[in-house]
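Heads up: the structure comes next, in structure tokens.
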Ligand code: PEP
Ligand code: MG
């Protein structure tokens, strides 16, 4: 008798969006919206069909509200508010009237009418260039899937389909933000999707929930089923179907090493961040939601170097009041005292739009009405935020920073708004820090080229590498088709960064880095070599970055920067950096 041939190992490369290594049986989730079987009805049945949809809508509403309640208590209000848009969609009377009309005029079952209307909305959203609107198609699919399920056309949601007994690795075409946030961590080890980008809501949720994840796999093999073992490497973005025994042994070793590395890193908690030859760098953390503050403190951050306020702001309209914002910023100020927080004013636009803006999409949102441009066109709204930040400034060390600065005039106009806001508070006797520090994000090439002028207007720069790379190399940061061209170490990007740091220091202000590259350990020798004053990184990268810095010498890294001036390709820049990084901390580089 011949032995059955072992199943072949298949390696799929995607984008790792949430770190960690896991494996387990595959759980394949269907597409969110599947067409119900065509069913005709009699005219006499129309009223009964209308009653069925009413009941299904009520049931769906109850389920979403319950899910929202659970998530608010487990994960915090910020996470739960993602469902507000879903509830609005569910209650949209235009949609419901269309469904009822279709059922009545075509005499088809209500689920067929509902599917047909929702599918049309999803398809038209998918054709829109704006990535934020495209992503809303996923929300509609999510809500519609729930309604269809309640109409008995079962389309399981991520949580319910997974068997209790064996925690699985989810493979799906796409996961909606609500399915992601609703994932039960005792049943789900990790997930991988065919589509998606590192900046989608789904990726953000996976990171904050600590679920290893890979997106943009393009195609999951069609014959994949539960008998398959799936390995997810959220660091490298690799997904391995049926990993061979040898591969599993390699990954087991990696997991052991990861454990040792993490326990070693404990030593770096609560320590300053100092190079081997005695130069100190401030190491702070990036946050989007208040409930990240605990992890940030536990992991030993020296304050928050970037608070992206737009996520909180966009989540619910009521939260935008001055009072609510002031309370929110005060919480961060108190939690980060005495190190402090850099509160970035709204960076709405690009892929981050609130409902009012979604109705009027731009042809090229990343080159459009974004960040400070929007704030300066809506000064009433801008000053509500500035007053709230000023009010929080007496409760800790608060700095304010403006995103998407492209010219001197913009920084001057933004500062003028701070002055007016200060006067407004003075008039009503509300205290604030008169000397609040003001910074500019440097993330657009034109800002780099006028950096000497900008530096005379502000107290600090913070380099936003995510956007600086995208705008310097003309590569959309959320388009996985050109992901290979998105090169953090492109010599032109390094030139932009060098010029920014030098301009800051020439003008006696400090310069930090807060894009993802700040926590890229291959680039740490660059930050040390340039003498940047602060790095603000995602909280999972904090202790690794601190350890890496402690193993580098500023002198050696300054020599590296001289060599990099002669490099013409990203590959050579990377090679020089890796020579240093892999000699100093090989164990941290996986
Ligand atoms: C950046 O552009 O690097 C940055 C930190 O800001 P955001 O990612 O929010 O655009
Ligand atoms: Mg940016």
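In this note's numbering, the protein residues as written are 28 to 617.
Positions of the beta carbon are idealized from the N, C-alpha and C atoms, including for glycine.
Is it buried or exposed, residue i, if we count other Cβ atoms within 10 angstroms and call 16 or more buried?
i           : result
residue 264 : buried
residue 250 : exposed
residue 340 : buried
residue 246 : exposed
residue 276 : exposed
residue 220 : buried
residue 616 : exposed
residue 352 : buried
residue 456 : exposed
residue 92  : exposed
residue 610 : exposed
residue 319 : buried
residue 391 : exposed
residue 107 : buried
residue 574 : buried
residue 153 : exposed
residue 307 : exposed
residue 337 : buried
residue 177 : buried
DSSP three-state label for residue i, please.
i           : result
residue 339 : helix
residue 379 : strand
residue 185 : At residue 185 the pLDDT is 42, less than 50, meaning the model places this residue with poor confidence; the figure from the coordinates comes in the next sentence. If DSSP states are grouped into helix, strand and coil, residue 185 belongs with the helices.
residue 145 : helix
residue 509 : helix
residue 180 : Caution applies to residue 180, whose pLDDT of 41 falls short of 50 and renders its modelled position unreliable; the model cannot decide the point.
residue 112 : helix
residue 428 : strand
residue 496 : helix
residue 627 : Past the boundaries of the shown model lies residue 627; the chain is included only from 28 to 617, so the question cannot be answered.
residue 610 : helix
residue 546 : helix
residue 539 : strand
residue 303 : coil
residue 368 : strand
residue 240 : strand
residue 455 : coil
residue 332 : strand
What does the alpha-carbon distance come out to for the pair residue i and residue j?
i           : j           : result
residue 587 : residue 607 : 8 Å
residue 96  : residue 104 : 9 Å
residue 136 : residue 388 : 35 Å
residue 141 : residue 164 : 15 Å
residue 591 : residue 523 : 13 Å
residue 131 : residue 70  : 7 Å
residue 144 : residue 492 : 42 Å
residue 530 : residue 262 : 34 Å
residue 46  : residue 545 : 16 Å
residue 34  : residue 269 : 7 Å
residue 553 : residue 604 : 7 Å
residue 557 : residue 350 : 41 Å
residue 110 : residue 222 : 22 Å
residue 199 : residue 43  : 15 Å
residue 463 : residue 441 : 14 Å
residue 39  : residue 52  : 16 Å
residue 375 : residue 67  : 46 Å
residue 502 : residue 124 : 42 Å
residue 182 : residue 172 : With a pLDDT of only 34 at residue 182, under the threshold of 50, the placement of this residue in the model should not be trusted; the figure read from the coordinates follows. If I take the Cα positions, the gap works out to 6 Å.
residue 216 : residue 85  : 32 Å
residue 666 : residue 113 : Residue 666 lies beyond the residue range present for the chain, which begins at 28 and ends at 617; the question has no answer from this structure.
residue 473 : residue 582 : 31 Å
From which residue to which residue does the alpha helix (DSSP H) around residue i run?
i           : result
residue 276 : 272–292
residue 523 : 518–533
residue 563 : No alpha helix (DSSP H) contains residue 563, which is instead part of the beta strand (DSSP E) from 561–564.
residue 417 : 406–419
Mind checking which residues open and close the beta strand (DSSP E) that includes residue i?
i           : result
residue 201 : No beta strand (DSSP E) contains residue 201, which DSSP labels as neither H nor E.
residue 220 : 215–220
residue 311 : 309–314
residue 621 : The structure shown has nothing for residue 621, since the chain only spans 28 to 617.
residue 40  : 37–40
residue 54  : 48–56
residue 256 : 256–260
residue 265 : 265–268
Flag residue i as yes if its beta-carbon sits less than 8 Å from any beta-carbon of chain C, otherwise no.
i           : result
residue 255 : The structure shown contains no chain C, having only a single protein chain.
Check whether the segment 431–443 and the segment 399–408 are in contact - that is, three or more C-beta pairs closer than 8 Å.
With a cut-off of 8 Å, the segment 399–408 and the segment 431–443 count as touching, because enough Cβ pairs lie within range.
With contact counted as at least three CB pairs below 8 Å, one residue from each stretch, are the segment 69–88 and the segment 272–289 in contact? No, the segment 69–88 does not touch the segment 272–289.
Quiz item: On the three-pair Cβ rule with 8 Å, is the segment 405–414 touching the segment 439–452?
Solution: Yes, the segment 405–414 is in contact with the segment 439–452.
Discussion item. Three Cβ pairs or more, each shorter than 8 Å: is that satisfied between the segment 571–587 and the segment 301–309?
Written reply: Under the Cβ criterion (8 Å, minimum of three pairs), the segment 571–587 counts as touching the segment 301–309.
Inspect the CB distances between the segment 416–427 and the segment 355–374 and report whether three or more fall short of 8 Å. Yes, they touch.
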